[in-house]
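Below is one structure; the comments refer to it alone.
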Amino acid sequence: MVIHRKKSRMYLIGLTGGIGTGKSTVCGYFKELGCTILDADVIAHKVVEPGSGAWKQIVKNFGQEVLLPSQEINRQLLGSIVFADPDKRRLLNQCTHPYIWREMIIQILWNFIKGANFVILDSPLLYETKLSKWMKKIIVVNCSGEQQLERIIQRNNYTADEAKQRIAAQIPLSEKCKWADYVVDNSGMLDHTRKQVMDIHKTITLMSQYNGLYLWVLVITICIVLLSIMLLLMY
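So the sequence shown is numbered by the working numbering: it starts at 52 and just counts up by one.
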């Protein structure tokens, strides 16, 4: 997606991959280069804080048993429920996605007002949630299947079956790599990963400096579409 000001424009760059491929590492390198990152996982945590609209929807549909004594969502318990049942996973998405999209729109527009040349949206479900269609370019972080499984087990203390469940819930990495504009191979040394990020950053920066031919109506249209989807899911 390209959002326009009077004499410049702002690109949305998608960054995705699979669970355990190293998206956080790659985002860290982009941050070191001065990039603005919108982290979908951080936004997802924010919108389910106790008392929020998404929190109320989760409690309504999944019951009080998914709450910790602090009234926060027990993410481990809820995760075990939704990753074992695709219907429950879709229900959870209906509870949270409208609020996540609303917060994303707010942050995108705020960065547009501040004059950012491009913003990177870090989302593990960029393709699954169809957000990919709004991105000007997409970066996929890749690694081997063995590395992915090992990292998930070590990082999250999952069993092998639990890790495989979470991998299976996402579009295969091989497919995401086919659709990507840039693929970061994060299976080797970190210096190699950093070098790839620097090369991609250079390309995107040069691209964002060119003048565009689009109109302000683009951002208004996209916001209307996303808000309409949000309202449909809420009611």
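Glycine residues also receive a C-beta, built at the ideal position from the N, C-alpha and C atoms. Computed from a predicted model, the values in this text were never measured in an experiment.
At what residues does the beta strand (DSSP E) containing residue i begin and finish?
| i | result |
| --- | --- |
| LYS188 | 188-193 |
What residues in its chain sit with their C-beta under 6 Å from that of residue i, if we drop five residues either side in the sequence?
| i | result |
| --- | --- |
| LEU66 | ILE171, ASP173, ILE190 |
| ARG140 | VAL133 |
| CYS86 | ILE171 |
Tell me which same chain residues have a C-beta within less than 8 Å of the C-beta of residue i, skipping the five on either side of it?
| i | result |
| --- | --- |
| ASP236 | ASN193, CYS194, HIS243, THR244, GLN247 |
| LEU129 | ILE109, PHE113, VAL117, LEU143 |
| LEU241 | THR76 |
| LYS119 | In the sequence under discussion, the amino acid at residue 119 is Leu, which differs from the Lys named in the question. Same-chain partners within the cutoff: ASN125. |
| LYS74 | LEU66, THR67, GLY68, ASP173, PRO175, VAL192 |
Can you tell me which residues form a DSSP beta bridge with residue i?
| i | result |
| --- | --- |
| ASP236 | ASN193 |
| ASP90 | ASP173 |
| ILE64 | ILE171, LYS188 |
| LEU119 | Paired residue(s): none; LEU119 is not in a bridge. |
Residue i lies in the alpha helix (DSSP H); which residues open and close that run?
| i | result |
| --- | --- |
| ASN125 | Element bounds for ASN125: n/a, residue is neither H nor E. |
| SER225 | 224-230 |
| ALA105 | 104-113 |
| ALA219 | 211-219 |
| TYR80 | 74-83 |
| ILE157 | 137-165 |
Using 9 Å as the threshold, is the C-beta distance between residue i and residue j below it?
| i | j | result |
| --- | --- | --- |
| THR72 | ASN168 | no |
| TYR178 | LYS215 | no |
| ILE64 | LYS229 | no |
| ILE34 | ILE164 | With the chain running from 52 to 286 in the structure shown, residue 34 is simply not present. |
| GLY68 | LEU277 | no |
| TYR150 | VAL98 | yes |
| SER121 | PRO101 | yes |
| ILE201 | ASN207 | Checking the sequence, you will find Glu at residue 201 rather than Ile. No, the Cβ-Cβ distance between GLU201 and ASN207 is not below 9 Å. |
| CYS78 | ALA105 | no |
| SER238 | GLN198 | yes |
Using a Cβ-Cβ cutoff of less than 7 Å, which residues in the same chain neighbour residue i once the five nearest sequence positions on both sides are dropped?
| i | result |
| --- | --- |
| SER28 | As shown, the chain starts at 52 and ends at 286. That puts residue 28 outside it, with no answer to give. |
| ILE222 | TYR178, GLU179 |
*Tell me, please, whether the region 85-101 touches the region 174-190 by the rule of three or more beta-carbon pairs shorter than 8 Å.*
yes
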